[in-house]
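Enquirer:
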Amino acid sequence: MIALLSALSDGKKHFYTDLCQELSITKQQLAEDFQQLDQQGIEICCEADGCYWLASAEVLDSEFLTKNLPQQQLLIQPVIDSTNQYLLNNLPKLSNNSVCLAEYQFAGRGRRGRQWLSPFAGQVIMSYYRIFSTNCDISGLSLAAGMAVAQALTELNLHSVQLKWPNDIWLNGKKLGGILIEMKHNPHLAQNQVVIGLGLNVNLPKKFVVDQPIAMISKQRNINRNLLIVKLIQHLAQALTLFEQQGLSAFISQWRQYDAFYQKKVKLLLENQSIIGIEQGINAKGELLLNTEDNQQLSFSIGEISLRPINDQS
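FYI, the UniProt record's numbering numbers position 119 of the sequence shown as 119, with every residue one higher than the one before it.
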């Protein structure tokens with residue numbers, strides 16, 4: 001099925017006879033593949049003589065992307081299990097600042113291993129590879145990456161862009177996307193090889209159902225997906241260079257500008273308890289600061305907890 005999806009990933013109509021020849025399968029096998037895709041919720045538009053995979057937004061334009069991102073090694077994989085995993089599996093072959101882009105991923109993952117769903121060409125699906133010296137403290141890197149994303153969206157005239165600690169991107173008070181940082185340590189080269197995964201909702205089909213309120217860029221503005229990707233990568237590249245030079249301290253004041261819950265009452269969900277207090281932003285390590293009801297200021301590390309507004313009892 002992956003080969004079939006890859007063949008259809010250009011969004012154009014393909015004749016059944018051509019697909020059978022290209023994939024070296026029979027018409028019966030092709031029909032069975034279509035049936036399996038339908039069972040998985042992947043909608044292929046079938047006509048009498050051919051079919052196409054209906055894109056939710058513009059398909060990736062490799063020529064435009066390459067022209068506008070000359071400093072990046074772009075690895076465009078139309079259909080893939082996970083852009084993060086692809087980079088992690090190919091670290092020896094990658095140059096610094098390589099970027100993997102996809103139209104559709106079938107094994108994407110978010111924080112704590114949660115599945116990240118992705119309709120065809122309906123999202124930004126990308127992973128950015130960056131090498132850091134082991135002398136560089138990468139605490140809070142996901143926060144710096146989030147601010148780069150927020151600044152790119154703001155530059156494209158999107159309004160009500162916010163960040164929810166530690167790695168969610170919000171638009172109009174709903175989740176627009178998220179960031180997933182994965183790392184491998186290379187002791188021989190004294191390097192930390194970091195992969196920064198980013199997923200953003202651009203335009204999702206009506207039948208696309210998730211278990212939480214979500215935002216889409218298309219609900220606010222019609223932005224070409226390729227231009228959006230260029231802006232995101234440019235801002236990420238700049239932010240990562242600044243982070244490498246100055247650490248997270250260079251971003252703390254910017255974080256307050258986008259922090260969805262700064263100086264608001266929130267509930268922190270720990271493994272065995274919850275804590276209510278006033279959120280006070282972050283420190284230089286990227287830890288969340290909270291003034292509790294008994295006048296203590298506590299700090300919490302990424303990965304320890306979940307953050308909720310006080311009126312969210314989920």
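Positions of the beta carbon are idealized from the N, C-alpha and C atoms, including for glycine.
In whole angstroms, give me the CA-to-CA distance for Ile214 and Ala102.
Expert: If you take the alpha carbons of Ile214 and Ala102, they lie about 21 angstroms apart.
Enquirer: Count Cβ pairs between the stretch 128 to 137 and the stretch 170 to 182 that sit closer than 8 angstroms; are there 3 or more?
Expert: Because the criterion of three Cβ pairs below 8 angstroms is not met, the stretch 128 to 137 and the stretch 170 to 182 do not touch.
Enquirer: Alpha carbons only, please: which of Lys184, Gly177 and Asn224 is nearest the one belonging to Gln212?
Expert: Checked all of Lys184, Gly177 and Asn224; the closest Cα to Gln212 is Gly177.
Enquirer: Taking only the alpha-carbon atoms, compute the straight-line gap between Gly113 and Glu63 and give it to the nearest angstrom.
Expert: Bear in mind that a pLDDT of 49 at Gly113, under 50, signals an unreliable position, so the number given afterwards is only what the model happens to contain. So the two alpha carbons sit approximately 34 angstroms from each other.
Enquirer: Tell me which residue opens and which closes the beta strand (DSSP E) that Lys267 is part of.
Expert: Element bounds for Lys267: Lys265 to Leu269.
Enquirer: How would you write the range of the beta strand (DSSP E) that Val161 sits in, first residue to last?
Expert: Element bounds for Val161: Val161 to Lys164.
Enquirer: Given this structure, state the Cα-to-Cα distance separating Asn272 from Glu293, to the nearest angstrom.
Expert: Each residue's alpha carbon lies about 18 angstroms from the other.
Enquirer: Can you tell me whether Asn203 is buried or exposed, with buried defined as 16 or more other CB within 10 angstroms of its CB?
Expert: The residue is buried, with at least 16 neighbouring Cβ atoms inside 10 Å.
Enquirer: With contact counted as at least three CB pairs below 8 angstroms, one residue from each stretch, are the stretch 48 to 55 and the stretch 8 to 17 in contact?
Expert: They touch, by the three-pair rule.
Enquirer: One question on the structure: do Val161 and Leu232 come within less than 8 angstroms of each other, judged by their Cβ atoms?
Expert: No, the Cβ-Cβ distance between Val161 and Leu232 is not below 8 angstroms.
Enquirer: Please tell me whether Leu88 and Val195 are closer than 8 angstroms, where the distance is taken between their beta carbons.
Expert: Yes, the pair counts as a contact, with Cβ atoms nearer than the cut-off.
Enquirer: In three-state DSSP terms, what is Gly113?
Expert: Reliability fails at Gly113, whose pLDDT of 49 lies under 50, so the model's placement of it is uncertain and the value that follows must be treated cautiously. Gly113 falls in the helix class under three-state DSSP.
Enquirer: Would you call Glu287 buried or exposed, if buried means 16 or more other Cβ atoms sit within 10 Å of its Cβ?
Expert: Glu287 is buried by the Cβ-count criterion.
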